[in-house]
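S.K.:
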Amino acid sequence: MLKTFPKGGIHPPENKITASKGIKKMTLPKVVYVPISQHIGIPAEITVGVKDKVDIGQVIAKSGGFMSSNIHSPVAGTVTKLDKIIDTSGYKKQCIVIRTDLKDESNFKDTEYPLKTTITLEPKDILQKINDSGIVGLGGATFPSHVKLSIKEGTKLDHLIINGVECEPYLTADHRLMLEKAEEIIVGIKILMFALHIDNAIIGIENNKADAIETFKKIIRKDDPIKIAALKVKYPQGGEKQLVRALLNREVPKNGLPLDVGVIVHNVGTIFAIYQAIQHNIPLIERVVTVTGKKLENPSNYWVKIGTPITDLVNEVGGLPEGTRKIVNGGPMMGKAIKNMDVPVTKGTSGILVISEDEASRGEPKNCIRCGECVDVCPMGLEPHLLMNLSEKGMYEKASAEDIMTCIECGSCSYVCPSHRPLLDYIRFGKNSVKKMNTSKN
Amino acid sequence: MSAQPIIVSASPHVHSDRTSKKLMYDVVIALIPAFLVSVYVFGISALIVTSVAIISCILFEYVIQKYLLKTDVTITDGSALITGILLAFNLPSNLPIWMIIIGSLVAIGVAKLSFGGLGFNIFNPALVGRVFLLISFPVQMTSWPTAFVNNTSVVDAVTGATSLGIIKEGLNMGETMTEISARIPSSTNMLFGFTSGSLGEMSALALILGGLYLMLRKVISWHIPVTLLATIFIMTAIFWVANPEHYANPLIHLLAGGAILGAFFMATDLVTSPMTKKGMVIFAIGIGIITVVIRLFGAYPEGISFAILIMNAFVPLINKFFKPRRFGAKIKSKIV
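Here the protein sequences come in this chain order: A and B.
Per the working numbering, the very first residue in the first sequence carries number -10; after that it's consecutive.
Per the working numbering, the very first residue in the second sequence carries number 7; after that it's consecutive.
Okay, here's the thing in structure tokens:
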């Protein structure tokens, strides 16, 4: 029996059409738009001015506090504007616009370095380096990694979990990375284990990526404290709490963190970024993005500079197909539909999904037939139908008492609802209202 | 850019291909085997009763929604169709047509639409219709045509009591089960449908077939039917073991009345059953106990309709007390 989490979950069509497409280098963008808020927390502070020449990897915005992250220039070029542009959120955000210097050789330098396995830095320096390199959680949550790694003295940690689940349909960025950079990822894991004094590590991979599981199994030596766990394919297994439950049979307490059960979870992409930063001194200026969609001419996976406009990505795969009705930043379950193709790729962009007419529209909501499907699939043990009802009626106290804040917004409820009810939309609205209610109380 | 505007909506951007309508029509498909048996057993009269119930249920829904409530008409969602079929399945095949129409009006108008329509009704509409008719017209509602006898004529039907009715009457007269059992059909006949009773409760086999289809299609889960039938079986077995001359054996209780029809198709009604699996088990145990109590000690020979309706009333309470366990919660089950 393959491991998985016991309560809830769904299995939508996987549609991993780019799984066999190797990661290609994306054409160098002429202009990059680098938002100063690509992470959860305080925006970074801009340290460059208009007309400044910047080098590749140079800090252009400094971390604005503990819960923040540095931003580095993804290209060598000239700052042309400090402007507000619409990002994935749909709101205008402060951005540094840099025109790429196409004559500068550093823009074209090969970033493929030979594998370096010896770790030379001390634990303290490793953590500092991660902080300096602007590394955030690349699974999509973009939580600043150094915050996650700043562990209070006396906290008992016994497992590092590497999230290679990639349970979102369509996305294959992590899958390809694991296939192509397995050795580097293993070194990255060892760096973190060394820095945090953790003795065990488990890489959790869903069974639909058998080749990735095999790749890791081949390179891991018997005496390595790193284990590979094949997981049953089930969404949302990539959720931290679900993954910890699946791998270690430990349940993160309500409103708690994996740290509370002695576990720290990092995405494979983040681990690779840590490897690059520690071993090769490369800050986070590039990431893997899956550009996919059933109607695209040539969907594939790409190494993309942060700040590249999504238009460039779509053009790279043959342009927007006829009848496109929706463009999603991320996967189909949790990604954000964007209105404007000029939105740039940020640290949290794992994929661009182009959806055509037949799948773009939602069904018309009908009466709830009280079938209980939403309750069945909720991985957090909530009652989505009830939370929607309470949110709709403005009963936020009650919604809060029914644990609305523990919702991880995976969307399984909306996915299964046979009456097409906008469950998650109302739950999100309810969560925001509860947040507001709580702040006004304090 | 494409000519049509880009859609921006919140995630998720994909949806499973299940819809309420598909669920409803799966139920209709599941009822077909039992319907075919009823036509085989009762002939044209089964067809008439079912058609009248279906047409009047759909018509009442249309008229009430269109002219009285002035809301959207939802007759195509399949729920009125199911109510019609299930109501017919709970009626004797020789019931006068005007009574069927009254039953449909009560089912759709009172039990469903006055509560707010699909999803808001507390009680199973078909059962409310049936029980209304049973109380209003007890004579017509309990004179059951005997299988294969009145295939051609609706009017001059040869009627008799149901197996459970024969047992109840016999026991009340002071007879023993050994004496009574000579007058009721064998268990095999009950299984295949050669007995007397409501239109749809004839063949246990056909109903189980439909029930399995619903489980296979994941429209219902095993929790309600299995728990309900197990409760009836265990309870009646205890009484039967204690005094086999005074209590019918558990197999008769499972096969003779509406237990199978109720367990697979009436108690599992999505709208009027609990939301969680835990709740479903409690709900089904409740129905089982009440059914047995009515059958063994009540005035009516059969009690499953009443039992389901009584437990329907408890569903909101069950939903409140038997919540799913929250992820990461310390206490096993949270009672609010």
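Cβ atoms here follow ideal geometry from the backbone N, Cα and C, with glycine treated the same way.
Kindly confirm or deny that the segment 134 to 154 of chain A and the segment 94 to 111 of chain A touch, where touching means at least three C-beta pairs closer than 8 Å.
M.R.: Contact between the segment 134 to 154 of chain A and the segment 94 to 111 of chain A is absent, because fewer than three Cβ pairs lie under 8 Å.
S.K.: Flag Pro474 (chain A) as yes if its beta-carbon sits less than 9 Å from any beta-carbon of chain B, otherwise no.
M.R.: The question about residue 474 (chain A) has no answer here: the residues shown for chain A are numbered -10 through 431.
S.K.: By DSSP, does Lys425 (chain A) sit in helix, in strand, or in coil?
M.R.: Taking the first sequence and counting its residues from 1, the one referred to as residue 425 (chain A) is at position 436. Helix, per DSSP.
S.K.: State whether the segment 75 to 89 of chain A contacts the segment 221 to 235 of chain A, with contact taken as three or more CB pairs (one from each stretch) at a distance under 8 Å.
M.R.: The segment 75 to 89 of chain A vs the segment 221 to 235 of chain A: no contact.
S.K.: With H, G and I counted as helix, E and B as strand and the rest as coil, what does DSSP make of Tyr264 (chain A)?
M.R.: Start at 1 with the first residue of the first sequence, and residue 264 (chain A) comes out as number 275. Three-state DSSP puts Tyr264 (chain A) in a helix.
S.K.: Taking 8 Å as the cut-off, is the C-beta of Val278 (chain A) nearer than that to any heavy atom in the ligand FMN?
M.R.: As for the ligand FMN, it is missing from this structure, which has no ligand bound.
S.K.: With three or more beta-carbon pairs closer than 8 Å as the criterion, would you say the segment 38 to 57 of chain B touches the segment 204 to 223 of chain B?
M.R.: Contact holds: three or more Cβ-Cβ distances are below 8 Å.
S.K.: Taking Cβ positions, are Glu391 (chain A) and Leu371 (chain A) nearer each other than 9 Å?
M.R.: Taking the first residue of the first sequence as position 1, residue 391 (chain A) is located at position 402. Taking the first residue of the first sequence as position 1, residue 371 (chain A) is located at position 382. Result yes, Cβ atoms of Glu391 (chain A) and Leu371 (chain A) sit closer than 9 Å.
S.K.: Helix, strand or coil: which one does DSSP assign to Lys430 (chain A)?
M.R.: Position 441 of the first sequence, counting from 1, holds the residue named residue 430 (chain A). Lys430 (chain A) falls in the helix class under three-state DSSP.
S.K.: Return the residue from the list A:Gly307, A:Ile260, A:Thr300 that minimises the CA-CA distance to Leu285 (chain A).
M.R.: What you label residue 285 (chain A) is simply residue 296 of the first sequence in a count that begins at 1. Of A:Gly307, A:Ile260, A:Thr300, the residue nearest in Cα terms is A:Gly307.
S.K.: Whether or not the segment 265 to 275 of chain A and the segment 46 to 63 of chain A are in contact is what I'm after, with contact meaning three or more pairs of Cβ atoms, one per stretch, closer than 8 Å; do they touch?
M.R.: Segments in contact, yes.
S.K.: When we look at the beta-carbon of Ala265 (chain B) and count the other beta-carbons within 10 Å, is it buried (16 or more) or exposed?
M.R.: Counting from 1 along the second sequence, the entry for residue 265 (chain B) is found at position 259. So Ala265 (chain B) ends up on the buried side.
S.K.: Flag this pair as yes or no: are the beta carbons of Glu362 (chain A) and Val405 (chain A) separated by less than 9 Å?
M.R.: On the first sequence, position 373 is the one that residue 362 (chain A) refers to. On the first sequence, position 416 is the one that residue 405 (chain A) refers to. Yes, these two residues count as a Cβ contact at 9 Å.
S.K.: Give the single residue among B:Ala273, B:Phe143, B:Asn130, B:Arg301 whose Cα lies nearest to the Cα of Asn255 (chain B).
M.R.: One-based indexing of the second sequence puts residue 255 (chain B) at position 249. Of the listed residues, the one whose Cα sits closest to Asn255 (chain B) is B:Arg301.
S.K.: Taking the alpha helix (DSSP H) that Gly135 (chain B) belongs to, which residues open and close that run?
M.R.: Looking up residue 135 (chain B) in the second sequence gives position 129. Looking at the DSSP string, the run of the alpha helix (DSSP H) that includes Gly135 (chain B) is 131 to 142.
S.K.: DSSP three-state call for Thr395 (chain A): helix, strand or coil?
M.R.: Translated into the one-based positions of the first sequence, residue 395 (chain A) becomes position 406. In this structure, Thr395 (chain A) counts as helix in the three-state DSSP scheme.
S.K.: Tell me which same chain residues have a C-beta within less than 6 Å of the C-beta of Ser401 (chain A), skipping the five on either side of it?
M.R.: Taking the first sequence and counting its residues from 1, one reaches residue 401 (chain A) at position 412. Around Ser401 (chain A): Ile(-1), Val366.
S.K.: So with CB distances below 9 Å, who are the chain B contacts of His409 (chain A)?
M.R.: For this step, residue 409 (chain A) is matched to residue 420 along the first sequence. Ordered by position in chain B, the residues that pass the 9 Å Cβ test against His409 (chain A) are His21, Thr25, Ser26.
S.K.: At a Cβ cut of 9 Å, what residues of the segment 411 to 429 of chain A count as close to chain B, listed as they run along the chain?
M.R.: Cβ contacts with chain B: Pro411, Leu413, Asp414, Arg417.
S.K.: For Gly292 (chain B), report the span of its alpha helix (DSSP H) as first-last.
M.R.: The sequence position of residue 292 (chain B) within the second sequence is 286, counting from 1. First-last of the alpha helix (DSSP H) with Gly292 (chain B): 283 to 303.
S.K.: Name the residues in the segment 306 to 336 of chain B whose C-beta lies less than 9 Å from a C-beta of chain A; which are they?
M.R.: Residues passing the 9 Å Cβ filter: Val321, Asn325, Lys329, Pro330, Arg331, Arg332, Phe333, Gly334, Ala335, Lys336.
S.K.: Could you say if the segment 231 to 238 of chain B and the segment 278 to 296 of chain B meet the contact criterion of at least three C-beta pairs nearer than 8 Å?
M.R.: Enough Cβ pairs lie closer than 8 Å, so yes.
S.K.: Can you list the residues of chain B that Thr89 (chain A) reaches, using a CB-CB cut of under 7 Å?
M.R.: Numbered from 1 along the first sequence, position 100 holds the residue referred to as residue 89 (chain A). Neighbours of Thr89 (chain A) on chain B: none; closest Cβ ~25 Å, over 7 Å.
S.K.: For Leu302 (chain A), report the span of its alpha helix (DSSP H) as first-last.
M.R.: For the purposes of this step, residue 302 (chain A) is taken as the residue at position 313 of the first sequence. Run containing Leu302 (chain A): 299 to 305, per the alpha helix (DSSP H) assignment.
S.K.: Quick one: what does DSSP say Asp72 (chain A) is sitting in, helix, strand or coil?
M.R.: As a first step, residue 72 (chain A) must be located in the first sequence, where it is residue number 83. Three-state result, Asp72 (chain A): strand.
S.K.: For Lys221 (chain A), which residues in chain B fall below 8 Å Cβ to Cβ?
M.R.: Along the first sequence, one-based indexing puts residue 221 (chain A) at 232. None at all; the shortest Cβ gap to chain B is about 18 Å.
S.K.: Please confirm if the segment 289 to 307 of chain A is in contact with the segment 21 to 37 of chain A, defined as three or more CB-CB distances below 8 Å between the two stretches.
M.R.: Because the criterion of three Cβ pairs below 8 Å is met, the segment 289 to 307 of chain A and the segment 21 to 37 of chain A touch.
S.K.: Checking contacts by CB at 9 Å: is Gly171 (chain B) closer than that to chain A?
M.R.: In the second sequence, counting from the first residue as 1, residue 171 (chain B) sits at position 165. No, no contact with chain A.
S.K.: Taking 9 Å as the cut-off, decide whether the C-beta atoms of Leu87 (chain B) and Val55 (chain B) are in contact.
M.R.: Sequence index remark: in the second sequence, residue 87 (chain B) carries index 81 (1-based). Sequence index remark: in the second sequence, residue 55 (chain B) carries index 49 (1-based). It is not a contact, given that the beta carbons lie outside the stated cut-off.
S.K.: Write down every uninterrupted run of the beta strand (DSSP E) in the segment 68 to 145 of chain A whose length is 3 residues or greater and which is fully enclosed by it, in chain order.
M.R.: Whole beta strand (DSSP E) segments, 3+ residues: 81 to 89.
S.K.: Measure the C-alpha to C-alpha separation of Ser78 (chain A) and Lys325 (chain A) and round it to an integer number of angstroms.
M.R.: What you label residue 78 (chain A) is simply residue 89 of the first sequence in a count that begins at 1. What you label residue 325 (chain A) is simply residue 336 of the first sequence in a count that begins at 1. Rounded to the nearest angstrom, the two C-alpha atoms are 8 Å apart.
S.K.: I'd like the span of the beta strand (DSSP E) that includes Asn189 (chain A), first residue to last.
M.R.: What you label residue 189 (chain A) is simply residue 200 of the first sequence in a count that begins at 1. Here the beta strand (DSSP E) through Asn189 (chain A) covers 189 to 195.
S.K.: Over what stretch of residues does the beta strand (DSSP E) that includes Ile215 (chain A) continue unbroken?
M.R.: For this step, residue 215 (chain A) is matched to residue 226 along the first sequence. 215 to 220 is the span of the beta strand (DSSP E), which, as asked, contains Ile215 (chain A).
S.K.: Alpha carbon to alpha carbon, what distance is there between Asp114 (chain A) and Ala162 (chain A)?
M.R.: For the purposes of this step, residue 162 (chain A) is taken as the residue at position 173 of the first sequence. For the purposes of this step, residue 114 (chain A) is taken as the residue at position 125 of the first sequence. Ala162 (chain A) and Asp114 (chain A): Cα-Cα distance of roughly 29 Å.
S.K.: Starting from Gly125 (chain B), find everything on chain A with Cβ-Cβ shorter than 7 Å and list it in chain order.
M.R.: Taking the second sequence and counting its residues from 1, one reaches residue 125 (chain B) at position 119. Correct list: Asn356, Cys357, Ile358, Arg359.
S.K.: CA-CA distance, Val137 (chain B) and Gly309 (chain B)?
M.R.: By 1-based counting over the second sequence, the position of residue 137 (chain B) is 131. By 1-based counting over the second sequence, the position of residue 309 (chain B) is 303. For Val137 (chain B) and Gly309 (chain B), the distance between alpha carbons rounds to 10 Å.
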